[in-house]
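Data block below; observations after.
There are 2 protein chains.
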Amino acid sequence: MSRRERVVEVMRAGQAALIEGFETADGEGRFIEHRWDRPGGGGGSARVLEGGRVFERAGVNLSVVHGDVVPDSLARQHPTAAGKPFFATGVSMVLHAVNPYVPAFHANFRYFETGTEDDPEALWWFGGGADLTPSYPFAEDAVAFHRTLEGLCSRHPEVADYATWKATCDRYFTVRHRGEMRGVGGIFFDEMSPPEGGDFDAELALVEDGLGSLLPSYLPIVERREGLPYGERERAWQLYRRGRYVEFNLVYDRGTLFGLQTQGNIEAILMSMPPLARWAFDHRPEPGSPEEAALAYFQPRDWAGAEAQALEPGHATTKGR
Amino acid sequence: MSRRERVVEVMRAGQAALIEGFETADGEGRFIEHRWDRPGGGGGSARVLEGGRVFERAGVNLSVVHGDVVPDSLARQHPTAAGKPFFATGVSMVLHAVNPYVPAFHANFRYFETGTEDDPEALWWFGGGADLTPSYPFAEDAVAFHRTLEGLCSRHPEVADYATWKATCDRYFTVRHRGEMRGVGGIFFDEMSPPEGGDFDAELALVEDGLGSLLPSYLPIVERREGLPYGERERAWQLYRRGRYVEFNLVYDRGTLFGLQTQGNIEAILMSMPPLARWAFDHRPEPGSPEEAALAYFQPRDWAGAEAQALEPGHATTKGR
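In order, the protein sequence lines correspond to chains H and S.
Here our numbering is used: the first residue of the first sequence is 1, the next is one more, and so on.
Here our numbering is used: the first residue of the second sequence is 322, the next is one more, and so on.
Below, the structure is given as structure tokens:
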């Protein structure tokens with residue numbers, strides 16, 4: 001099998017397992033498949049669950065696209081690839097939950113290759129990441145999430161670097177005009193190794209393990225929080241926080257903007273939008289409220305480290321909310 | 322009085338009259354004043370009404386700011402102004418109504434001046450516009466709105482050009498990735514005359530008349546539609562359309578992006594966001610539904626012209642919805 005065939009196999013299997021895991025967690029909602037074609041070549045399968053028991057809106061998109069000429073923005077980054085054909089595939093997902101205590105979750109793994117399949121000078125690289133966006137953050141959840149991702153990285157020391165990827169994620173998922181992170185971060189990497197060369201087998205193994213680590217990183221949190229009672233106040237706060245999610249995705253997210261500018265499949269791109277979001281003028285939580293406490297979480301913090309563990313008892317009181 | 326003093330006087334009076342007019346139309350809600358300071362010099366008064374009888378969220382912002390050095394993006398457009406101090410003032414407003422049959426409304430008039438007050442080589446220019454964003458458009462409303470603006474322009478033939486400004490508005494307020502306009506347009510102009518010279522008195526007169534034309538352009542529409550009965554279906558459609566409004570403002574609106582990039586007053590900038598917005602995957606109105614009929618309105622059309630009048634009877638059936 002060629003590299004790209006091997007990657008597609010991993011991505012397809014990953015999407016299927018994720019769909020199954022999320023459907024089981026939801027218990028009621030089902031992912032509907034929307035297939036889409038890319039005018040320039042290839043297409044994808046957007047699988048979307050709306051109005052579930054646990055998930056208000058969830059999407060898991062698989063894309064397998066190709067084209068005759070590398071897009072301009074990539075050609076600028078990789079001049080030797082200019083004018084060459086390209087191939088790209090990836091799985092991306094966004095889940096927005098009903099219960100305000102259940103965080104939103106986003107992850108993707110992607111692969112890009114320039115040149116033809118047998119081009120010895122082909123460039124190729126993997127990118128990816130996973131991050132958690134709670135409205136009411138729990139230290140326990142942030143720690144567990146980061147440690148699962150740290151564990152993933154530690155199983156692939158030759159290609160993965162949790163500390164660097166965590167820092168990249170903190171920087172990337174910052175709503176700059178608000179001076180805050182979108183959530184509590186996770187990991188993010190643009191190019192796992194330089195596109196001129198890397199250990200393909202090792203990198204694909206990380207991606208396969210990464211796809212397999214997503215359910216264990218997120219579903220235990222969903223299970224812990226999905227039954228917590230909430231009212232209008234918590235729902236309103238969730239919708240304000242989703243407003244920030246929208247601000248991040250439409251103003252800063254490179255994948256979203258690249259997709260919109262290049263007239264990609266709009267619905268698959270904007271699958272990340274929350275089902276409902278709220279804005280109000282200068283909305284500030286009351287001093288001493290759980291909502292105010294939440295804001296302290298949206299700054300970089302060493303969640304996987306000993307420091308976060310030491311902080312945990314203090315933050316664990318938020319469980320009682 | 323200096324030019325800038327005269328403009329500020331017109332802007333202040335305009336804001337006050339607009340507040341009064343919108344409060345009267347709402348009948349219950351009141352605009353709360355939020356004053357803000359600009360770290361680099363000056364500040365503003367954002368007046369915001371939330372949770373009114375007619376308006377779910379409305380904001381009318383007055384800004385009067387100055388700085389030591391013209392911002393980079395403007396210096397690139399006007400190289401002779403680079404390094405000079407600047408002064409800017411403007412009134413901008415966005416109104417989102419409760420009733421899905423009442424359109425959202427946006428307008429602003431702004432003035433920019435470079436150099437000191439007595440600099441004989443100072444550049445100065447006015448910009449502005451007004452546009453209407455219905456969820457359920459009525460031809461009668463679009464025609465009346467455009468004719469009011471055409472009337473404004475026709476009273477100032479030496480500086481105004483309805484046809485050009487209308488076309489600029491159609492182009493500007495396009496959600497490019499959706500291939501549709503945000504609403505039914507209006508007028509928009511970036512620079513009323515070349516910044517190197519213009520007829521200040523005539524331009525200020527247009528702006529004053531423009532500010533005074535906003536209530537007559539919008540409130541009769543509000544009055545016609547605010548009592549129409551609606552249900553969950555119409556509310557849902559309104560929220561989907563507001564999602565498009567958000568997409569436009571965060572992805573394309575130059576004022577919004579400029580404000581966010583330059584760390585302007587975030588709340589005053591994002592006053593334009595709707596109070597609540599919805600997204601769903603590939604939401605398409607049923608064939609033959611009023612929602613599908615609405616989509617036909619979000620393309621450029623000669624609303625003020627004879628052609629639109631000829632179309633009107635056909636579209637007027639939408640009144641019966």
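Glycine residues also receive a C-beta, built at the ideal position from the N, C-alpha and C atoms.
The structure displayed is predicted, hence computed values, not measured ones.
CA-to-CA distance, residue j to residue i, given in whole angstroms
i                      : j                      : result
residue 502 of chain S : residue 461 of chain S : 18 Å
residue 42 of chain H  : residue 2 of chain H   : 17 Å
residue 313 of chain H : residue 210 of chain H : Any reading at residue 313 of chain H is ruled out, since the residue's pLDDT is 41, under 50, leaving its predicted position unreliable.
residue 321 of chain H : residue 208 of chain H : Its pLDDT being 38, under 50, residue 321 of chain H is placed unreliably in this model, and the value from its coordinates should be taken loosely. The straight-line gap from Cα to Cα measures roughly 37 Å.
residue 187 of chain H : residue 172 of chain H : 10 Å
residue 568 of chain S : residue 534 of chain S : 28 Å
residue 640 of chain S : residue 546 of chain S : Because residue 640 of chain S carries a pLDDT of 40, less than 50, the predicted location of this residue cannot be relied on, and the following value inherits that uncertainty. The alpha-carbon atoms of residue 640 of chain S and residue 546 of chain S are separated by roughly 10 Å.
residue 326 of chain S : residue 434 of chain S : 12 Å
residue 78 of chain H  : residue 429 of chain S : 43 Å
residue 175 of chain H : residue 75 of chain H  : 28 Å
residue 17 of chain H  : residue 32 of chain H  : 15 Å
residue 644 of chain S : residue 64 of chain H  : This structure leaves residue 644 of chain S out entirely; chain S is present only between 322 and 642.
residue 615 of chain S : residue 88 of chain H  : 37 Å
residue 498 of chain S : residue 263 of chain H : 6 Å
residue 542 of chain S : residue 342 of chain S : 14 Å
residue 103 of chain H : residue 625 of chain S : 49 Å
residue 437 of chain S : residue 443 of chain S : 7 Å
residue 371 of chain S : residue 235 of chain H : 18 Å
residue 515 of chain S : residue 522 of chain S : 15 Å
residue 7 of chain H   : residue 608 of chain S : 41 Å
residue 446 of chain S : residue 500 of chain S : 31 Å
residue 46 of chain H  : residue 144 of chain H : 29 Å
residue 537 of chain S : residue 574 of chain S : 25 Å
residue 485 of chain S : residue 544 of chain S : 29 Å
residue 613 of chain S : residue 606 of chain S : 5 Å
residue 651 of chain S : residue 37 of chain H  : Shown here, chain S extends from 322 to 642; a query on residue 651 of chain S therefore has no answer.
residue 491 of chain S : residue 118 of chain H : 48 Å
residue 441 of chain S : residue 623 of chain S : 41 Å
residue 412 of chain S : residue 233 of chain H : 33 Å
residue 189 of chain H : residue 348 of chain S : 54 Å
residue 138 of chain H : residue 365 of chain S : 38 Å
Test item: CB-CB of residue i and residue j under 8 Å
i                      : j                      : result
residue 611 of chain S : residue 457 of chain S : yes
residue 72 of chain H  : residue 355 of chain S : no
residue 57 of chain H  : residue 106 of chain H : no
residue 564 of chain S : residue 271 of chain H : no
residue 570 of chain S : residue 577 of chain S : yes
residue 259 of chain H : residue 191 of chain H : no
residue 54 of chain H  : residue 98 of chain H  : yes
residue 93 of chain H  : residue 59 of chain H  : yes
residue 382 of chain S : residue 601 of chain S : no
residue 300 of chain H : residue 183 of chain H : no
residue 276 of chain H : residue 599 of chain S : yes
residue 477 of chain S : residue 526 of chain S : yes
residue 152 of chain H : residue 25 of chain H  : no
residue 66 of chain H  : residue 85 of chain H  : yes
residue 618 of chain S : residue 463 of chain S : yes
Cβ-Cβ separation, residue j to residue i (assumed contact under 8 Å), whole Å
i                      : j                      : result
residue 101 of chain H : residue 228 of chain H : 4 Å
residue 451 of chain S : residue 470 of chain S : 6 Å
residue 524 of chain S : residue 480 of chain S : 5 Å
residue 350 of chain S : residue 373 of chain S : 3 Å
residue 245 of chain H : residue 133 of chain H : 6 Å
By the 7 Å beta-carbon criterion, what residues does the stretch 592–622 of chain S contribute toward chain H?
Of all residues in the stretch 592–622 of chain S, only 592, 594, 595, 596, 597, 598, 599, 600, 601, 602, 603 place a beta-carbon less than 7 Å from a beta-carbon of chain H.
What residues in the stretch 487–516 of chain S bring their beta carbon closer than 8 Å to a beta carbon of chain H?
497, 498, 499
Under 8 Å, CB to CB, which of the residues in the stretch 34–50 of chain H have a partner in chain S?
34, 46, 48, 50
Using a beta-carbon distance cut-off of less than 8 Å, what residues from the stretch 564–578 of chain S approach chain H?
564, 567, 568, 571, 572, 578
In the stretch 154–220 of chain H, which residue ranges form an unbroken beta strand (DSSP E) of at least 3 residues, counting only runs that do not cross its ends?
185–189, all fully within the stretch 154–220 of chain H.
Quick one: complete alpha helix (DSSP H) runs, 4+ long, within the stretch 247–303 of chain H?
254–261, 266–269, 290–295
Inside the stretch 425–481 of chain S only - beta strand (DSSP E) runs reaching at least 3 residues:
425–435, 445–454
Which ranges does the beta strand (DSSP E) cover as unbroken runs of at least 3 residues, wholly within the stretch 220–249 of chain H, from first to last along the chain?
Runs found: none.
Output, in sequence order along the chain, the residues in the stretch 529–553 of chain S whose CB is closer than 9 Å to any CB in chain H.
none
Short-range partners of chain H found in the stretch 380–396 of chain S, where Cβ spacing is below 9 Å
380
Pull out every residue of the stretch 138–154 of chain H whose Cβ sits closer than 7 Å to any Cβ of chain S, in chain order.
none
Along the chain, which unbroken stretches of the beta strand (DSSP E) at least 3 residues long are found entirely within the stretch 16–42 of chain H?
32–37
Residues of the stretch 1–15 of chain H in Cβ contact with chain S at a cutoff of 7 Å, in chain order, please.
none
Please go through the stretch 55–87 of chain H and give each complete beta strand (DSSP E) segment of 3 or more residues, from N-terminal end onward.
Taking only runs of at least 3 residues, the beta strand (DSSP E) segments lying wholly in the stretch 55–87 of chain H are 55–67.
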